[in-house]
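J.: When the letters of the sequence shown are read in order and numbered with the working numbering, they come out as residues 539 to 991. Positions of the beta carbon are idealized from the N, C-alpha and C atoms, including for glycine.
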Amino acid sequence: MASVESIQTNSVPGTQRRSHSITSLSAATLVDQGEEQALPILWSHMYASIGASIGSLGSILGASRFAMTVMYPVWGYLADRFSRKMLLVWFTGIWGLWTLGISFAEDLPQLLTLRLISGLGLGAFAPAAFSLIGDLFDNESRGRAIGITRAVGLFGVLFAVGLFPFVATRHPENWRICFAVMGIASFLTGLLMLMIREPARGASEPELRDVVTDQNASRYTFAWSDFWTLLKIRSWRLLLVNELLTKVSIVVFTGWNFTWLNGLGLATPVFYGTILVVFVGMTVGSILFGWLGDRTERSFPNRGRITMIQIGLVIGAPSVYCYLSSTGENIAWLITFAFLGGVSNCAFSEGTLWPVAHLILPPEIRGSNRAFISMVGGAVSAVMLVLSGVIADRVGVSASLFWFVPIPILISAITWIPMFRTYPHDRSALHNALMQRRADLFNLSSNHKEKNK
Numbered sequence: 539m540a541s542v543e544s545i546q547t548n549s550v551p552g553t554q555r556r557s558h559s560i561t562s563l564s565a566a567t568l569v570d571q572g573e574e575q576a577l578p579i580l581w582s583h584m585y586a587s588i589g590a591s592i593g594s595l596g597s598i599l600g601a602s603r604f605a606m607t608v609m610y611p612v613w614g615y616l617a618d619r620f621s622r623k624m625l626l627v628w629f630t631g632i633w634g635l636w637t638l639g640i641s642f643a644e645d646l647p648q649l650l651t652l653r654l655i656s657g658l659g660l661g662a663f664a665p666a667a668f669s670l671i672g673d674l675f676d677n678e679s680r681g682r683a684i685g686i687t688r689a690v691g692l693f694g695v696l697f698a699v700g701l702f703p704f705v706a707t708r709h710p711e712n713w714r715i716c717f718a719v720m721g722i723a724s725f726l727t728g729l730l731m732l733m734i735r736e737p738a739r740g741a742s743e744p745e746l747r748d749v750v751t752d753q754n755a756s757r758y759t760f761a762w763s764d765f766w767t768l769l770k771i772r773s774w775r776l777l778l779v780n781e782l783l784t785k786v787s788i789v790v791f792t793g794w795n796f797t798w799l800n801g802l803g804l805a806t807p808v809f810y811g812t813i814l815v816v817f818v819g820m821t822v823g824s825i826l827f828g829w830l831g832d833r834t835e836r837s838f839p840n841r842g843r844i845t846m847i848q849i850g851l852v853i854g855a856p857s858v859y860c861y862l863s864s865t866g867e868n869i870a871w872l873i874t875f876a877f878l879g880g881v882s883n884c885a886f887s888e889g890t891l892w893p894v895a896h897l898i899l900p901p902e903i904r905g906s907n908r909a910f911i912s913m914v915g916g917a918v919s920a921v922m923l924v925l926s927g928v929i930a931d932r933v934g935v936s937a938s939l940f941w942f943v944p945i946p947i948l949i950s951a952i953t954w955i956p957m958f959r960t961y962p963h964d965r966s967a968l969h970n971a972l973m974q975r976r977a978d979l980f981n982l983s984s985n986h987k988e989k990n991k
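Structure representation (structure tokens):
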């Protein structure tokens, strides 16, 4: 009988159609990003139409963020217990028809209600996609997969930025067309995600890929007691703190960036050019740091990605500060730091952080991990969005953004330092646990074959 260690590893189960799966996930991300950013992009064209104040944007975004937050534990549990593909089909795709309903809103209460309902489904994507990508790609290719998915999602924002204002300026009520388009597109991506091939949980892990099947993977399923397993992992606690801080920064920035730029009184070409540069920087950064993260994984597995994230945080805080300090008079300054801020943001976004989490967490709790971090981050972000709107109404958008964007990134750069000590330890602990699981599954398979002889 072969030993556990001598078994030759095979290709990851279900990866024949990885390209189809990543195409479907990328399309869903594209639509979801456009759907989520439609309101901030269109707000300056629509708030008068529904009788709202400019500061109401913060309350609506905060409330919808809260709606996503309260559903995250449910989505995480479902992603770790049931089909991740069908979760994406129904609640990321078809649920998007509620966005179509926003096009019929006549006043602020109606808009708020529809945005809350649509926000419930938006929260399903991250836990399911996080878990699924972890099983579709190994630790030397996850960064690129996530980077590509995120980059395609940013094209959704670019599409919205380029098309929605053009449509909205043609008639005071044309903003409704934009929400209708996004709702229909969301429904269509739900059908597209039927192409996803869902592998067994743990199928991409080198310790498990040749012994795990859908049947024996069900022996290791999420239980609520696993929540305490998360809390015991020191690197996970640091990831949580990092995402809380950077999430607040990113959410407030994207929520207010269009309104802030509009307040600078820029010429139309400069306005749209600046927005384009920000998202081009983020698109380039998503692909670059996803690829670079995988390269550093091969050469410096214990601290490569950790160092890259640290550098991104150190560069990101001053870049965003310089961007927000612009008055619009020095266009070169504005454009330069718009690009640097966009690029550096991606050094501490999903393409780098998600692979780090994959390497310290067992496969069966990855969806719940993503859900819990998103839940806490969403709750804090919701409060900060509302608070940013209150402050914006009192002292202006610029002053509000200075407090809510660069300062959290700076704090995150400091709190990230202990990861250099904890990450190698926690990564090694997961490897040992998966090797023990490998031995258990190997013995289970061998015993089953013996009985069938």
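1. Between Gly854 and Ile947, is the Cβ-Cβ spacing less than 8 Å?
2. Near Val858, what residues of its chain come up, given a Cβ to Cβ distance below 6 Å and the 5 sequence neighbours on each side ignored?
3. Leaving out five residues on either side along the sequence, give the residues of the same chain with a beta carbon under 6 Å from the beta carbon of Phe817.
4. Just the Cα atoms here: how many angstroms apart are Leu992 and Leu777?
5. Work out the CA separation of Gln571 and Ser602 for me, nearest whole Å.
6. To which residues of the same chain is Gly915 closer than 7 Å at the C-beta, ignoring the five residues directly before and after it?
7. Just the C-alpha distance for Leu563 and Glu573, rounded to the nearest angstrom, thanks.
8. Please report how far the alpha carbon of Tyr861 lies from the alpha carbon of Ala917, in whole angstroms.
9. Which value, in whole angstroms, describes the spacing of the CA atoms of Ala643 and Ile588?
10. By the 10 Å Cβ neighbour count, where 16 or more other Cβ atoms means buried, how is Thr547 classified, buried or exposed?
11. Looking at C-alpha atoms only, which residue of Asn883, Gly631, Asn970 and Asp645 is the closest neighbour of Gly819?
12. Would the region 654 to 671 count as touching the region 748 to 766 if we require 3 or more Cβ pairs under 8 Å?
13. Quick check on the burial criterion: 16 or more other C-beta atoms within 10 angstroms. Buried or exposed for Glu711?
14. Quick one: give me the first and last residue of the alpha helix (DSSP H) that His709 is part of.
15. Could you check what DSSP says for Gly661 in three-state terms: helix, strand or coil?
16. Which residue comes first and which comes last in the alpha helix (DSSP H) that contains Tyr615?
17. Contact check, Ile686 vs Ile847 under 8 Å by CB: the rounded distance?
18. Taking 7 Å as the limit between beta carbons, can you name the residues of its chain near Glu902, skipping five residues before and five after?
19. Quick check on DSSP: helix, strand or coil for Val749?
20. Are Leu746 and Leu972 closer than 8 Å when you measure CB to CB?
21. So, helix, strand or coil for Gly823, using DSSP?
22. Check this for me: beta carbons of Asp832 and Ser926, under 8 Å apart or not?
23. Rounded to whole angstroms, what is the Cα-Cα separation between Leu650 and Leu635?
24. Quick one: measure Cβ to Cβ for Val935 and Trp794, integer angstroms, because I've assumed they're closer than 8 Å.
25. If distances are taken between C-alpha atoms only, which option among Ala566, Leu968, Thr865 and Val928 comes closest to Val790?
26. Ala895: buried (16+ other C-beta within 10 angstroms of its C-beta) or exposed?
27. Evaluate contact between the region 660 to 674 and the region 798 to 815, counting only Cβ atoms and requiring at least three cross-stretch pairs below 8 Å.
28. With the cut-off set at 8 Å, would you say Ala698 and Ile579 are in Cβ contact?
29. Three or more beta-carbon pairs under 8 Å between the region 903 to 913 and the region 603 to 618, yes or no?
30. Kindly list the residues whose CB is nearer than 6 Å to the CB of Ser544, restricted to its own chain and excluding five residues on each side of it in sequence; keep chain order.
31. Measuring straight from C-alpha to C-alpha, what distance separates Tyr615 and Ser906?
32. Can you tell me the Cβ-Cβ gap for Leu674 and Arg556, rounded? I've got them flagged as a contact below 8 Å.
33. By a C-beta neighbour count over all protein chains shown, 10 Å radius and 16 as the cutoff for buried, is Glu888 buried or exposed?
34. Confirm, please, whether the CB-CB distance from Phe725 to Ile873 is below 8 Å.
35. Do Ala885 and Phe827 have their CB atoms nearer than 8 Å?
36. Note down the Cα distance separating Asn981 from Asn840, rounded to an integer number of angstroms.
T.: This is what the structure holds:
1. In the sequence shown, the residue the question calls residue 854 occupies position 316. In the sequence shown, the residue the question calls residue 947 occupies position 409. Against a cut-off of 8 Å, the Cβ pair of Ile947 and Gly854 comes out as a contact.
2. Residue mapping note: residue 858 aligns to position 320 of the sequence shown, counting from 1. Counting only Cβ-Cβ distances below 6 Å, and skipping sequence neighbours, we find Gly879, Val943 and Pro944.
3. Counting from one through the sequence shown, the residue named residue 817 turns up at place 279. Leu692, Val695 and Leu696, listed in sequence order.
4. The chain is shown only over 539 to 991; residue 992 falls outside these bounds and no answer can be derived.
5. Locating residue 602 in the sequence shown gives position 64, counting from the first residue. Locating residue 571 in the sequence shown gives position 33, counting from the first residue. Taking the straight line from one Cα to the other gives about 14 Å.
6. As a working note, residue 915 is residue 377 in the sequence shown. Excluding positions up to five away in sequence, the list reads Glu781, Leu782 and Lys785.
7. Numbered from 1 along the sequence shown, position 25 holds the residue referred to as residue 563. Numbered from 1 along the sequence shown, position 35 holds the residue referred to as residue 573. So the alpha carbons of these two residues sit roughly 15 Å apart.
8. Reading the sequence shown from its first residue, position 323 is the one you call residue 861. Reading the sequence shown from its first residue, position 379 is the one you call residue 917. Whole-angstrom Cα-Cα distance: 27 Å.
9. Mapped onto the sequence shown, residue 643 falls at position 105. Mapped onto the sequence shown, residue 588 falls at position 50. Roughly 8 Å separates the two Cα atoms.
10. In the sequence shown, counting from the first residue as 1, residue 547 sits at position 9. Note that Thr547 scores 38 on pLDDT, short of 50, meaning its location in the model is unreliable and no value can be drawn from it.
11. Taking the first residue of the sequence shown as 1, we reach residue 819 at position 281. Among Asn883, Gly631, Asn970 and Asp645, the Cα nearest to that of Gly819 is on Asn883.
12. no
13. Counting from 1 along the sequence shown, the entry for residue 711 is found at position 173. Exposed, by the Cβ-count rule.
14. The sequence position of residue 709 within the sequence shown is 171, counting from 1. Element bounds for His709: n/a, residue is neither H nor E.
15. As a working mapping, residue 661 is identified with position 123 in the sequence shown. DSSP places Gly661 in coil when its eight states are reduced to three.
16. In the sequence shown, residue 615 corresponds to position 77, counting from 1. Start and end: Ser594 to Arg619.
17. In the sequence shown, residue 686 corresponds to position 148, counting from 1. In the sequence shown, residue 847 corresponds to position 309, counting from 1. About 19 Å separates the two Cβ atoms, so there is no contact after all.
18. In the sequence shown, the residue the question calls residue 902 occupies position 364. The residues are Asp618, Arg739, Tyr758, Thr759 and Phe760.
19. Position 211 of the sequence shown holds residue 749. Looking at Val749 - three-state DSSP - the assignment turns out to be coil, as it is neither helix nor strand.
20. Translated into positions along the sequence shown, residue 746 becomes position 208. Translated into positions along the sequence shown, residue 972 becomes position 434. Yes. Within cutoff.
21. Position 285 of the sequence shown, counted from the first residue, corresponds to residue 823. The answer is helix: DSSP assigns Gly823 an H, G or I state.
22. To locate residue 832, count along the sequence shown from 1; it is residue 294. To locate residue 926, count along the sequence shown from 1; it is residue 388. Contact flag unset, no.
23. Along the sequence shown, one-based indexing puts residue 650 at 112. Along the sequence shown, one-based indexing puts residue 635 at 97. In a straight line, the C-alpha of Leu650 is about 16 Å away from that of Leu635.
24. Along the sequence shown, one-based indexing puts residue 935 at 397. Along the sequence shown, one-based indexing puts residue 794 at 256. At roughly 6 Å, the Cβ-Cβ gap stays under 8 Å, so Val935 and Trp794 are in contact.
25. Numbered from its first residue, the sequence shown carries residue 790 at position 252. It is Val928.
26. Walking along the sequence shown from the start, residue 895 turns up at place 357. Ala895 is buried by the Cβ-count criterion.
27. no
28. Taking the first residue of the sequence shown as 1, we reach residue 698 at position 160. Taking the first residue of the sequence shown as 1, we reach residue 579 at position 41. Cβ atoms of Ala698 and Ile579: closer than 8 Å.
29. yes
30. Position 6 of the sequence shown, counting from 1, holds the residue named residue 544. In this predicted model, Ser544 has a pLDDT of only 36, less than 50, meaning its place in the structure is not dependable enough to derive any value.
31. Residue numbering aside, residue 615 sits at position 77 when the sequence shown is read from its first letter. Residue numbering aside, residue 906 sits at position 368 when the sequence shown is read from its first letter. Each residue's Cα considered, the two are about 6 Å apart.
32. Counted from its first residue, the sequence shown places residue 674 at position 136. Counted from its first residue, the sequence shown places residue 556 at position 18. The pair is a contact, with the Cβ atoms about 5 Å apart (cut-off 8 Å).
33. As a first step, residue 888 is located in the sequence shown; it is residue number 350 there, counting from the start. Glu888 should be labelled buried.
34. On the sequence shown, position 335 is the one that residue 873 refers to. On the sequence shown, position 187 is the one that residue 725 refers to. Not closer than 8 Å, so no.
35. In the sequence shown, residue 885 corresponds to position 347, counting from 1. In the sequence shown, residue 827 corresponds to position 289, counting from 1. Cβ distance < 8 Å, so Ala885 and Phe827 count as in contact.
36. Within the sequence shown, residue 981 is the residue found at index 443, counting from 1. Within the sequence shown, residue 840 is the residue found at index 302, counting from 1. If I take the Cα positions, the gap works out to 30 Å.
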